[in-house]
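Engineer: Residue numbers (our numbering): 1266 to 1639.
Sharing a structure with you now.
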Amino acid sequence: MEAATTTAFEVSVSAAAQHSSEVHVGKMGIEQHLQLEKTTTSTTTKTITTKTATATATTTTILLTNEEKEEGDSVNNNKRIVYPKASRQVAGNSHKHARTGRVDAFGHFYKPTDDTRKGMTELQFYENWRVAEQERVPEFSPFLATFVSRTELYESHDAAKPMPFLKLRDVTAEMKQANVVDIKIGERTWHPSHDAEYREKRHRGDLETTSSSIGFRVCGMLTYEEESKTERYWNRKWAKALNLETTMSGLDMFFGQDSERIANVVQKLKDIRKSLETNPFPVYFLGSSILLCYDSSDLHSDVRVVVVDFCNAVKNESREVDRNFLDGLISLTNIIETIGDHIKSDPMSLSSSSSGSSTAGIFNPITASPSCSN
């Protein structure tokens, strides 16, 4: 079995070097795909044990002196300021040594980084490629994460030395009742130029999730539960078990069955598509995600759509259309649009309520603490 897997993988590496992936789910084909899933999956339904989140969502504030505020990104060696872990980060953290994201009281998110290929690639993206493209493609800039700087932070009060982080704007900082979903775009999340071990690891991950079948996968999600007044986490273990049907019911729950909210997101996704088709970016977005975020405490709040994670980006000097990313984006757009159509015609068609339980009885999370939910 192992030999066969390796052979198929090597074939796919060769094929990827020749042409881009063009697998995506067209809007008219979604119903057929759902039907195919029903006929090919086992009749045994897997029920995931539910654990109710008990911690009430709170905002952590760090009180700094004027002197500390003036220090900006410098590390305070004497007072050892340690920022709290990012409780609203729903995916990622596959970083070495399980380092976690951090947040400060001023609306910033700190993403762990290092001096490896991945860390330096993402830094190059923010410092060079993004800046160079802001004037050429201004319509795409609002959909990119806002980069501040590369900095160093202590991860604990007894840490031997500070560690490197990318300082970004926290898109959920001002939200009272945050709802966040991380969606990795593309049928393929690796490139032939990546080392063989890494390619095979990512390739297997793509095959084991919906990336290979519908061109994207949900990596993690957070929803605000009105009844319990808590933010509920849907972690990576839950996300890896999703198929097309449960992905749709999950996104339906995320949007709170709000057709206007869905229409808002669909339009933004179409704007991203138009921008990238008209003015291809000088990199291929491999393994990048789209974050969807909104505050359910404000019925009129805008849904933020942000493209993040560029540690696996590869130069696209010829500025070819990035079909792998675009086809996944088109698939996601079509599926979300279909969810909106279902809500308009039959609000109960995808999930029994906006509280998180589906009619199939299998859409249940394994909740975990924020630091473990990834």
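Glycine is no exception: its CB is placed at the ideal position from the N, C-alpha and C atoms.
Anyone know if the C-beta pair for Asn1444 and Tyr1489 falls short of 8 Å?
Structural biologist: Here the question's residue 1444 lines up with position 179 in the sequence shown. Here the question's residue 1489 lines up with position 224 in the sequence shown. Against a cut-off of 8 Å, the Cβ pair of Tyr1489 and Asn1444 comes out as a contact.
Engineer: Note down the Cα distance separating Gln1522 from Ile1601, rounded to an integer number of angstroms.
Structural biologist: To locate residue 1522, count along the sequence shown from 1; it is residue 257. To locate residue 1601, count along the sequence shown from 1; it is residue 336. Each residue's alpha carbon lies about 11 Å from the other.
Engineer: Between the alpha carbons of Arg1367 and Tyr1348, how many angstroms are there, rounded?
Structural biologist: Position 102 of the sequence shown, counted from the start, is the residue given in the question as residue 1367. Position 83 of the sequence shown, counted from the start, is the residue given in the question as residue 1348. Rounded to whole angstroms, Arg1367 to Tyr1348 spans 6 Å at the Cα level.
Engineer: Within 10 angstroms of its Cβ, does Asp1460 collect 16 or more other Cβ (buried), or is it exposed?
Structural biologist: Counted from its first residue, the sequence shown places residue 1460 at position 195. That one is exposed.
Engineer: Using a beta-carbon distance below 8 Å, is Leu1516 in contact with chain B?
Structural biologist: The chain labelled as chain B is not found in the depicted structure, where only one protein chain is given.
Engineer: DSSP three-state label for Glu1417, please.
Structural biologist: Here residue 1417 refers to the residue found at position 152 of the sequence shown. Strand.
Engineer: Residues in its own chain within less than 6 Å of Thr1566 by CB, not counting five upstream and five downstream?
Structural biologist: Stepping through the sequence shown from its first residue, residue 1566 is reached at position 301. It should be pointed out that residue 1566 corresponds to Ser in this sequence rather than to Thr. Excluding sequence neighbours, Ser1566 sits near Tyr1559, Asp1560.
Engineer: Would you list the one or two residues that DSSP bridges to Ile1450?
Structural biologist: Your numbering for residue 1450 matches position 185 in the sequence shown. Beta-bridge pairing links Ile1450 to Phe1481.
Engineer: For Glu1542 and Glu1582, I'd like the C-alpha separation in whole angstroms.
Structural biologist: On the sequence shown, residue 1542 is found 277 positions in, with the first residue counted as 1. On the sequence shown, residue 1582 is found 317 positions in, with the first residue counted as 1. About 15 Å.
Engineer: Consult DSSP for Thr1319 and reduce its assignment to one of helix, strand or coil.
Structural biologist: On the sequence shown, residue 1319 is found 54 positions in, with the first residue counted as 1. Because Thr1319 sits at a pLDDT of 32, beneath the cut-off of 50, its placement in the model cannot be relied upon, and the point is left open.
Engineer: Count the other CB atoms, across all protein chains shown, that sit within 10 Å of the CB of Ala1356; report buried if there are 16 or more and exposed otherwise.
Structural biologist: Here the question's residue 1356 lines up with position 91 in the sequence shown. Burial call: buried.
Engineer: Quick one: measure Cβ to Cβ for Thr1598 and Arg1538, integer angstroms, because I've assumed they're closer than 8 Å.
Structural biologist: Working through the sequence shown from its first residue, we reach residue 1598 at position 333. Working through the sequence shown from its first residue, we reach residue 1538 at position 273. Sure, about 7 Å apart at Cβ, within 8 Å.
Engineer: So for Pro1407, helix, strand or coil by DSSP?
Structural biologist: Counted from its first residue, the sequence shown places residue 1407 at position 142. Of the three classes helix, strand and coil, the one that applies to Pro1407 here is helix, per DSSP.
Engineer: Is it buried or exposed, Pro1403, if we count other Cβ atoms within 10 angstroms and call 16 or more buried?
Structural biologist: Sequence index remark: in the sequence shown, residue 1403 carries index 138 (1-based). By the 10 Å Cβ count, Pro1403 comes out exposed.
Engineer: Check each candidate in Phe1374, Asp1379, Phe1390 and name the one with the smallest Cα separation from Ala1578.
Structural biologist: The residue labelled residue 1578 in the question sits at position 313 within the sequence shown. Comparing Cα positions, the closest option is Phe1390.
Engineer: Kindly indicate the opening and closing residues of the beta strand (DSSP E) around Arg1496.
Structural biologist: In the sequence shown, the residue the question calls residue 1496 occupies position 231. Before going on, a small fix: residue 1496 reads as Glu here, not Arg. Residues 1495-1499.
Engineer: Based on the DSSP output, what are the partners of Ile1555 in its beta bridges?
Structural biologist: As a working mapping, residue 1555 is identified with position 290 in the sequence shown. DSSP, once it has assigned bridges, lists Ile1448, Val1572 as partnering Ile1555.
Engineer: From Glu1333 to Ile1346, what distance separates their C-alpha atoms?
Structural biologist: As a working note, residue 1333 is residue 68 in the sequence shown. As a working note, residue 1346 is residue 81 in the sequence shown. Below a pLDDT of 50, predicted positions are generally treated as unreliable, and Glu1333, at 37, falls in that range; the measurement from the model is reported next regardless. The alpha-carbon atoms of Glu1333 and Ile1346 are separated by roughly 9 Å.
Engineer: If I measure Cβ to Cβ from Glu1387 and keep anything under 6 Å in the same chain, skipping five residues before and after, which residues do I get?
Structural biologist: As a working note, residue 1387 is residue 122 in the sequence shown. Same-chain partners within the cutoff: Phe1575, Cys1576.
Engineer: What three-state label does DSSP hand Glu1585 in the structure shown?
Structural biologist: As a first step, residue 1585 must be located in the sequence shown, where it is residue number 320. Glu1585: coil per DSSP, three-state reduction.
Engineer: Hey, is the region 1433-1451 in contact with the region 1586-1598, meaning 3+ C-beta pairs nearer than 8 Å?
Structural biologist: With a cut-off of 8 Å, the region 1586-1598 and the region 1433-1451 count as touching, because enough Cβ pairs lie within range.
Engineer: Quick one: which unbroken beta strand (DSSP E) runs of 3-plus residues sit fully inside the region 1362-1411? Chain order, please.
Structural biologist: Listed in chain order, the complete beta strand (DSSP E) runs (minimum 3 residues) inside the region 1362-1411 are 1373-1377.
Engineer: Going by alpha carbons, who is nearest to Pro1427 out of Arg1497, Lys1609, Leu1509, Asp1379?
Structural biologist: Looking up residue 1427 in the sequence shown gives position 162. That would be Asp1379, whose Cα lies nearest to the Cα of Pro1427.
Engineer: Looking only at its own chain, which residues have a Cβ that is under 6 Å from the Cβ of Ser1672, when we skip the five neighbours before and after it?
Structural biologist: The structure shown does not extend to residue 1672, since the chain is modelled only from 1266 to 1639, so the question has no answer here.
Engineer: Taking the alpha-carbon of Leu1557 as reference, which of Val1483, Leu1564, Val1568 has the nearest alpha-carbon?
Structural biologist: Here the question's residue 1557 lines up with position 292 in the sequence shown. Ranking the options by Cα distance to Leu1557, first place goes to Val1568.
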